[in-house]
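All residue numbers for the sequence shown refer to this note's numbering, where the first residue is 87 and numbers rise by one.
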Amino acid sequence: MRKDVFEALAPVCPRNLHGAGKESPLKLASVMEERDGHVWHGMLHSTDESLWTEYPIIDGVPILVPDVPTFLNNTRSQIQARQDLSADTQSLLGDAFGPGSEFDATRQHLSIYAYAHFSDWLTGAAGDPSQVAGLSKAISDAMDLGGGAALDLGCSVGRATWEMARHATGPVLGGDLNFSMLQLAQRLMVEGSATFDLRRIGIVYDPVVIDLPDTAAADKIDFWAMDCMALPFPKDRFEQAVALNLVDCIAVPTQMLVEVERTLVPGGRAAFTTPYDWAGNATEPSDWLGGHSQRAPHKGAGEPVLTATLAQAGLTPVAENASLPWKLRLHARSVMHYDVHMVACQKAA
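Written as structure tokens, this is what we have:
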């Protein structure tokens with residue numbers, strides 16, 4: 087965690103904010119370890135002493151969610167995973183744990199998304215374009231990404247955060263709930279390179295290295311564990327926000343849109359992309375934006391429902407692209423193709 091980003095964004099206790107409606111600033115209570123000026127392990131506390139809350143900083147990632155114990159329980163395998171095992175040991179563990187294990191699921195997710203973000207930054211890369219950089223450019227072309235503080239929701243391993251930092255003049259924060267991806271993002275930022283296992287086939291993986299081409303924007307970037315439906319900020323904190331392919335991956339998308347509007351400054355801009363690839367284990371159909379009820383006037387289409395929901399949340403659509411390519415490499419012989427819908431919008435001034 088960067089101390090200067092923490093001080094500039096001044097987060098508040100998410101438990102107090104979303105449970106009691108009170109804005110209680112957080113303070114850095116203790117630092118157990120620092121790396122290159124970053125708080126690598128430490129503890130944040132609420133300044134409201136009537137509500138004892140602790141928010142740990144683990145591997146450089148502050149965990150700022152309303153229910154910390156539940157988050158830690160749900161992600162304990164990722165938090166406790168070792169980073170110092172050899173490729174052969176990792177391979178042996180993969181064989182022993184087998185497909186479908188938590189170990190394999192984490193490796194697959196990191197392989198898919200780290201490649202989608204950083205395929206062009208891999209050591210010895212063959213020049214595959216970064217899917218996330220492509221979406222970020224489409225957003226930049228649709229709206230001015232300059233200005234002050236910026237928020238990348240559902241940042242995954244962080245490429246869009248880096249792309250936003252090229253334009254923003256203030257701090258740029260990436261937020262997600264996947265701890266293993268935040269670990270990778272933070273390690274890449276602090277160390278300038280990071281290794282992940284790229285899936286070749288089955289449970290065969292090859293270690294590959296991401297190298298930052300430059301670190302010019304690193305002093306304004308940070309990555310935090312946050313719930314996009316319960317952001318740890320008072321209103322009017324950010325000038326811009328993006329959420330790439332997040333709308334269809336969370337429990338209540340409308341709540342995320344409300345949170346984005348709340349934390350944007352008047353006149354602030356936001357952009358959302360989604361392939362409307364809904365899954366019942368992530369979102370109940372009643373909370374889908376389209377994808378059901380074809381008897382309704384929208385015939386089940388997601389696009390008109392999203393734009394209408396944005397307007398209801400106080401975000402006026404100003405630009406739109408109905409079909410942007412999005413490709414996910416599952417393994418060396420399998421690629422999934424999507425067309426995503428992009429909407430850029432603005433909060434009333």
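Yeah, the Cβ is synthetic: ideal placement off N, Cα and C, and Gly gets one too.
Contact under 7 Å by Cβ, Ala-236 with Val-218: Translated into the one-based positions of the sequence shown, residue 236 becomes position 150. Translated into the one-based positions of the sequence shown, residue 218 becomes position 132. No, the pair does not count as a contact, with Cβ atoms beyond the cut-off.
Assign Gly-388 to one of three DSSP states: helix, strand, or coil. Here residue 388 refers to the residue found at position 302 of the sequence shown. Assigned with DSSP and collapsed to three states, Gly-388 falls in helix.
For Cys-335, three-class secondary structure by DSSP: By one-based count along the sequence shown, residue 335 stands at place 249. Of the three classes helix, strand and coil, the one that applies to Cys-335 here is helix, per DSSP.
Alpha carbon to alpha carbon, how far is Ile-287 from Glu-347? Give it in angstroms, no decimals. Taking the sequence shown and counting its residues from 1, the one referred to as residue 347 is at position 261. Taking the sequence shown and counting its residues from 1, the one referred to as residue 287 is at position 201. Going from the Cα of Glu-347 to the Cα of Ile-287 covers about 42 Å.
May I ask you to verify whether the region 133-142 touches the region 90-104, counting CB pairs closer than 8 Å and requiring at least 3? As far as the Cβ criterion goes, the region 133-142 touches the region 90-104, which means the pair count is three or higher.
Based on Cα-Cα distance, which residue from Gln-341, Glu-109, Val-295, Asn-264 lies nearest to Met-438? In the structure as shown, the chain begins at 87 and stops at 435. Residue 438 is therefore absent and cannot be evaluated.
Suppose contacts are defined by Cβ-Cβ distances below 7 Å. Is Gln-269 in contact with Asp-425 by that definition? Locating residue 269 in the sequence shown gives position 183, where the first residue counts as 1. Locating residue 425 in the sequence shown gives position 339, where the first residue counts as 1. The answer is no: Cβ separation not under 7 Å.
Once DSSP output is grouped into helix, strand and coil, what is the label at Lys-306? Working through the sequence shown from its first residue, we reach residue 306 at position 220. Here Lys-306 sits in helix by DSSP.
Rounded to whole angstroms, what's the CA-CA distance from Thr-393 to Asn-159? Just pull it up for me. Taking the sequence shown and counting its residues from 1, one reaches residue 393 at position 307. Taking the sequence shown and counting its residues from 1, one reaches residue 159 at position 73. One C-alpha to the other measures close to 36 Å.
Any contact between the region 308-327 and the region 341-355? By contact I mean 3 or more CB pairs, one from each, below 8 Å. Touching, yes.
Where does Thr-360 fall in DSSP's three states? Taking the sequence shown and counting its residues from 1, the one referred to as residue 360 is at position 274. Strand.
Can you tell me which of the three DSSP states Leu-179 falls into? To locate residue 179, count along the sequence shown from 1; it is residue 93. The answer is helix: DSSP assigns Leu-179 an H, G or I state.
Take Thr-281 as the anchor and find which of Pro-320, Asp-170, Asp-322, Pro-185 has the nearest alpha-carbon. For this step, residue 281 is matched to residue 195 along the sequence shown. If you compare the alpha carbons of Pro-320, Asp-170, Asp-322, Pro-185 with that of Thr-281, the shortest gap goes to Asp-170.
Which residues share a DSSP beta bridge with Gly-128? Counting from 1 along the sequence shown, the entry for residue 128 is found at position 42. Looking at the DSSP assignment, Gly-128 forms a beta bridge with Val-117, Ile-143.
If you draw a straight line from the C-alpha of Ala-211 to the C-alpha of Ser-205, how long is it? For the purposes of this step, residue 211 is taken as the residue at position 125 of the sequence shown. For the purposes of this step, residue 205 is taken as the residue at position 119 of the sequence shown. Cα to Cα, the separation comes out at about 7 Å.
Note down, one range per segment and in chain order, each beta strand (DSSP E) of at least 3 residues found wholly within the region 144-168. Whole beta strand (DSSP E) segments, 3+ residues: 147-150.
Expected contact under 8 Å - CB spacing of Pro-152 and Gly-105 to nearest Å: What you label residue 152 is simply residue 66 of the sequence shown in a count that begins at 1. What you label residue 105 is simply residue 19 of the sequence shown in a count that begins at 1. Rounded, the Cβ-Cβ distance is 7 Å, consistent with contact.
What span of residues does the beta strand (DSSP E) with Gly-261 cover, start to end? On the sequence shown, position 175 is the one that residue 261 refers to. Residues 258-262.
Going by beta carbon distance, what residues of the same chain come within less than 6 Å of Leu-298, once the five residues before and after it are set aside? Reading the sequence shown from its first residue, position 212 is the one you call residue 298. If we look at Leu-298 and ignore the five residues flanking it on each side, its Cβ neighbours are Gly-278.
Whole-angstrom Cβ separation of Cys-241 and Phe-309, contact assumed at under 8 Å? What you label residue 241 is simply residue 155 of the sequence shown in a count that begins at 1. What you label residue 309 is simply residue 223 of the sequence shown in a count that begins at 1. 7 Å between Cβ atoms; contact.
Beta-carbon proximity of Val-294 to Leu-208, cut-off 7 Å: The residue labelled residue 294 in the question sits at position 208 within the sequence shown. The residue labelled residue 208 in the question sits at position 122 within the sequence shown. For the pair Val-294 and Leu-208, the CB atoms are nearer than the 7 Å cut-off.
By Cβ distance below 8 Å, which residues in the same chain neighbour Gly-232 in space, the five residues on each side in sequence not counted? Looking up residue 232 in the sequence shown gives position 146. Closer than 8 Å at Cβ, skipping near neighbours: His-253, Ala-254, Thr-255.
Taking the alpha-carbon positions, what's the Asp-227 to Glu-389 distance? Looking up residue 227 in the sequence shown gives position 141. Looking up residue 389 in the sequence shown gives position 303. Straight-line Cα distance between these residues: approximately 20 Å.
Provide the residue span of the alpha helix (DSSP H) that contains Phe-189, from first to last. By one-based count along the sequence shown, residue 189 stands at place 103. Element bounds for Phe-189: 188-204.
Any chance the region 170-180 sits against the region 119-128, with 3 or more Cβ pairs inside 8 Å? No, the region 170-180 is not in contact with the region 119-128.
Pick helix, strand or coil for Val-344, following the three-state DSSP scheme. For the purposes of this step, residue 344 is taken as the residue at position 258 of the sequence shown. The three-state reading of DSSP puts Val-344 in helix, counting H, G and I together.
How many angstroms separate the CA atom of Pro-320 from the CA atom of Ala-357? Locating residue 320 in the sequence shown gives position 234, counting from the first residue. Locating residue 357 in the sequence shown gives position 271, counting from the first residue. In this structure, the CA atom of Pro-320 is about 20 Å from the CA atom of Ala-357.
Residue range of the alpha helix (DSSP H) that Ile-287 falls in? In the sequence shown, counting from the first residue as 1, residue 287 sits at position 201. Not the alpha helix (DSSP H): Ile-287 falls in the beta strand (DSSP E), residues 279-287.
Cα separation between Val-243 and Ala-382? The residue given as residue 243 occupies position 157 in the sequence shown. The residue given as residue 382 occupies position 296 in the sequence shown. If you take the alpha carbons of Val-243 and Ala-382, they lie about 38 Å apart.
Along the beta strand (DSSP E) that carries Ser-238, what are the first and last residues, could you check? Position 152 of the sequence shown, counted from the first residue, corresponds to residue 238. In the sequence as presented, Ser is not what sits at residue 238; that position holds Asp. Start and end: 236-239.
Tell me which residue opens and which closes the beta strand (DSSP E) that Ser-420 is part of. Along the sequence shown, read from residue 1 onward, the residue named residue 420 stands at position 334. Annotation: the continuous beta strand (DSSP E) that includes Ser-420 extends over 420-433.
Applying the 10 Å Cβ sphere with the 16-neighbour rule, what's the burial state of Ala-435? As a first step, residue 435 must be located in the sequence shown, where it is residue number 349. Under this definition Ala-435 is an exposed residue.
Gly-376 burial status per 10 Å Cβ neighbour count (16 or more: buried): Your numbering for residue 376 matches position 290 in the sequence shown. By the neighbour-count rule (16 or more Cβ atoms within 10 Å), Gly-376 is buried.
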